[in-house]
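Notes to accompany the following structure.
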Amino acid sequence: MFRSISVALLLGLSTAVLAGQQASVPPPSGGQRPDPQMPPITFRAEVNYVEVDAVVVDAGGTFVRDLTQADFQVFEDGKAQAVSAFSLIDIPIERAERPLFSPRDIEPDVQTNLRNPDGRLYVLLLDDIHTDAMRSTQVRRAARQFVERNLGSNDLAAVIYTSGRTDAAQDFTINRRLLAEAIDKFMGRKLRSAFLNKLDNYNMSIQSGQSGALMDPDQAHRLYNARAMLSTVRNLSDWLASIHGRRKAVVLISEGIDYDIWDTIGPSELDPNRRGDASILIDETRDVIAAATRANVNIYAVDPRGLYQGGEDAIQIGSYPADANSVGLGLTSLQDEVRLSQDSLRTLAGDTGGFASVSSNDFSGAFQRIVDENSSYYVLGYYSNNEKRDGRFRKIEVRLARPGLQVKARKGYVAPRGGKPAVDKNVEASAGTSKDLRDALNSPLQVGGLKMALLAAPLKGPASKATVAIVTQVLASDMAFTQKGGKFVSTLEVSYLAIGRDGKVAAANRDSINLALKPETYQRVMQAGFRVQSRLDVPPGSYQLRVAAREGGGRTGSVFYDLTVPDFSKEPLVISGLILTSAAASGVPTAGSIPEIQGGLPGPVTTARTFNVSDEIALLAEIYDNQARAQAHSVYISTVLKAEGGKSVFTTDEQRSSKELGGAKGGYGYTTRVPLKDLDPGLYVLRVEARTSLGDKN
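FYI, my numbering numbers position 415 of the sequence shown as 669, with every residue one higher than the one before it.
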């Protein structure tokens, strides 16, 4: 028996090198598709910018795609508004590109911002503080169903917990594995039913000869949880507000607030001199709805209980008191509690332009409706001519100049109130980082002004840390150069952040490059791009690597990279990230260096994953052998290139001996070359596998 580990990459081969291929910016696959346009406007501070989505259908209910800005009129409180941003969003559902023989998607090791996030935007908001622990599986199942069946490869999704858990949250990503891992950590911790608490207290007081008391000892905690959930939704809406030109869908999977928000006269848990804590929740619910409508956030609430009438909780009821109905502890009280919690979901969803799915065991229809509502629509943006921050509701009406069509749009929004809200503290970049790059690094989404590609490969680093080799390749046609002294001059600033699951920066770095290119080098940069090599040292763990670049003309871009850094010193056999180069990669001018891989490859590292069939790939990997023992053993390393159908078109094997390590932990540096000559164009999987002869028994 062998112990083995492997790493696989998805490669593409073409018969001709595409323009810009070495910058890893290939054209979209799957044929032509609509290109959603972001609003071509500059957002001003201290002005109320408003976005409204409009779904327009004909008499048969078919979405109408040929409207122009002139076909729309927008009125706010009866006054015409000047529409300054207009775009048609018509998003197909794309599936991940993978070989037919691969049972799972192969995660790309290179990320780009070639296409702005042109799919749907989802936030899965898992309400752990309002979900019973015994129903945690139902939440995980529903959330996984949405990701696995309804998420396209062009969509971005995030996972957030209402309790504020950071160890389980996942920022925006297209990676389904990471989303599933965040979902699988869900565990509900809802308080026991208020009705059951009151029933127990009433029965005990009667048995002790006292007058029955309807007390819920968890009332204060219940109020705290309700406010925490609402605060999370409000903060989430504020965070999403900076994303313009698209709908933002929050899929709230929750059993609803378990606090009677209509009890405005009961005793206060917060202040003995006042009554009616529910009024606080009513006000905060209004604030949440106001924040969501201003940010164009649509909340879709899903009750994971399905067809539920309180039966599971009813099992805990021993007996009802004789006067149950007269004291409010009758047979329907538990059902009333369920109804009130679902009402809170209906309110949040209905008032923000979404809908609530309750009392249904089949979520498929609701999930498909969410996808449909976030796939085809028009975005109309305007600066309200009413700049008062009075917190009042403002009615929106969208009219069409073309007859015979129907338009569906939200009915209004709530204006902000008070002074300008305080800005949350953002993650800190390296000293000297420009404001443009700080803004790009703190944006919820990638910025696509400067097109770039990013490779991050973890290697064993100093002491207990790992070294992440980072290669950033910029599409130079996006850069502005000036001629000076016979050379083409520009600058490039690159900033790097590795952000842990706790939201804290684990490592940061910054490069500032002054470019003065000779004419021949300038021509190569224009054709193939410009590459920057760098590195960060981080402990093992999961990170979002954020890299932002700004060229001398002011154009800025960023790429976000989901990175898992293994503990290279724990597992018996561990393999590093794969690092590739090719003959064509040498044509890309490069700045910076990565000492850990210096001299390991015949050329600089490439971010390209589509190669010419006449090219040759060279790869580098490190295999770490932690089986420090007297018994000698061998490690077998193989590289296989497979084509569609699973056929191996290239294989090479190598055997290494533990004697090389002197009986201690260590690593084997591994390099090989993969010729591409005479291969057919198409998709290929490159896999590197390492096996040890000791096997699991050792």
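Where a beta carbon is used, it is the ideal one built from N, C-alpha and C, also for glycine. These numbers come from a predicted model, not from an experiment.
Please go through the same chain and pick out, in chain order, the residues whose beta-carbon is closer than 8 Å to the beta-carbon of residue i, but skip the five residues on each side of it.
i: E870; result: S836, A837, R927, V928, P929, L930, K931
i: S902; result: V894, L895, K896
With distance defined between alpha-carbon atoms, name the residue in the options nearest to residue i.
i: D331; options: L933, R910, F647; result: F647
i: K913; options: T906, Y922, T905; result: Y922
i: V859; options: V786, E805, G920, G795; result: V786
i: F963; options: A448, N640, G841; result: Since the first and last residues shown for the chain are 255 and 952, residue 963 lies out of range.
i: S390; options: K439, D605, Y776; result: K439
i: V759; options: G795, Q737, A730; result: G795
i: G854; options: G846, S840, A872, T861; result: A872
i: L450; options: A761, S697, G715, E591; result: E591
i: K738; options: I877, G754, L769, V748; result: L769
i: V801; options: V725, Y376, K333, A339; result: V725
i: I891; options: P716, I437, P826, T946; result: T946
i: S630; options: I259, L265, A839, R319; result: R319
i: P362; options: D626, L264, I848, L699; result: L264
i: G373; options: N404, N408, N455; result: N408
i: D437; options: K444, P793, D421, T736; result: At residue 437 the sequence reads Ile, which differs from the Asp that was named. If we check each option's Cα against that of I437, D421 comes out closest.
i: L790; options: I753, F822, M458; result: I753
i: F822; options: I345, A324, I343, G920; result: G920
i: L535; options: V306, L915, S485, K444; result: S485
i: R664; options: A546, S847, Q885; result: A546
i: V393; options: V306, F617, V304; result: F617
i: D307; options: L342, A336, D325, R398; result: L342
i: A544; options: G658, L659, V304; result: V304
i: I347; options: D605, D765, V401, L874; result: V401
i: L954; options: L453, Q323, T316, A313; result: Here the chain has residues from 255 to 952 only, and residue 954 is not among them.
i: I553; options: S462, N628, A448, S718; result: N628
i: E876; options: F904, A839, G841, Y924; result: Y924
I'd like the list of long-range same chain contacts for residue i, defined as Cβ closer than 6 Å, with 5 residues on each side in sequence excluded.
i: P935; result: L267, S268, T269
i: S508; result: D381, H384
i: G806; result: A734, S744, T745
i: A262; result: I360, V939, R941
i: D690; result: R804, T810
i: I259; result: L827, I829, A944
i: R1024; result: Not covered by the structure: residue 1024. The range shown for the chain is 255 to 952.
i: N404; result: F621, V625
i: K824; result: none
i: R910; result: V889, Y922
i: V364; result: S278, A707, L709, T861, R863
i: D425; result: A412, Q798
Between residue i and residue j, which are expected to be in contact by the criterion C-beta below 8 Å, what is the C-beta distance as a whole number of angstroms?
i: A723; j: L832; result: The Cβ separation is near 11 Å, so there is no contact.
i: A944; j: I829; result: 6 Å
i: D506; j: V556; result: First, the residue type needs correcting, since residue 506 is Leu and not Asp in the sequence shown. So it is a contact: roughly 7 Å between Cβ atoms.
i: K502; j: V551; result: 5 Å
i: A762; j: S684; result: 5 Å
i: M706; j: N367; result: 6 Å
i: L379; j: A411; result: Going by Cβ atoms, the distance from L379 to A411 rounds to 11 Å, so no, they are not a contact pair.
i: I650; j: G666; result: 5 Å
i: A434; j: R488; result: About 27 Å separates the two Cβ atoms, so there is no contact after all.
Kindly list the residues whose CB is nearer than 7 Å to the CB of residue i, restricted to its own chain and excluding five residues on each side of it in sequence; keep chain order.
i: I511; result: H384, A480, M483, S595, S598
i: A495; result: R548, A549
i: A676; result: Residue confidence is low: A676 scores 47 on pLDDT, short of 50, so the model does not pin down where it sits. No coordinate-derived value is stated.
i: R443; result: D382, I383, A387
i: D765; result: V748, V786, S788, G846
Between which two residues does the alpha helix (DSSP H) holding residue i run?
i: V701; result: Looking at the DSSP string, V701 is not in any alpha helix (DSSP H), and its letter there is neither H nor E.
i: R473; result: Reading off the sequence shown, one finds Gln at residue 473, where the question assumed Arg. Taken as a continuous stretch (DSSP letters only), the alpha helix (DSSP H) holding Q473 covers 473 to 494.
i: T391; result: 390 to 404
i: F621; result: 618 to 627
i: G604; result: 587 to 604
What residue range is occupied by the uninterrupted beta strand (DSSP E) comprising residue i?
i: K956; result: Residue 956 is absent from the model: the chain starts at 255 and stops at 952.
i: E538; result: Here E538 belongs to no beta strand (DSSP E); instead the alpha helix (DSSP H) covers 532 to 548.
i: E943; result: 936 to 946
i: T316; result: Where T316 is concerned, there is no enclosing beta strand (DSSP E), given that its DSSP letter is neither H nor E.
i: V328; result: 326 to 330
i: N768; result: 759 to 771
i: P712; result: 706 to 714
i: N866; result: 864 to 866
i: D344; result: 337 to 344
i: L930; result: That residue, L930, is in no beta strand (DSSP E); it is neither H nor E in DSSP.
i: G635; result: 630 to 637
i: R910; result: 902 to 911
For chain D, is any of its Cβ atoms less than 8 Å away from the one on residue i?
i: K662; result: The question asks about chain D, but that chain is absent: this structure has only one protein chain.
- Message: As an exercise, report each continuous beta strand (DSSP E) stretch of at least 3 residues that is fully enclosed by the stretch 780 to 850, in chain order.
- Response: Fully enclosed beta strand (DSSP E) runs of 3 or longer: 784 to 792, 795 to 805, 810 to 819, 827 to 829, 833 to 836.
- Length-filtered (4 minimum) alpha helix (DSSP H) runs lying within the stretch 423 to 451: Qualifying alpha helix (DSSP H) stretches, in chain order: 430 to 438.
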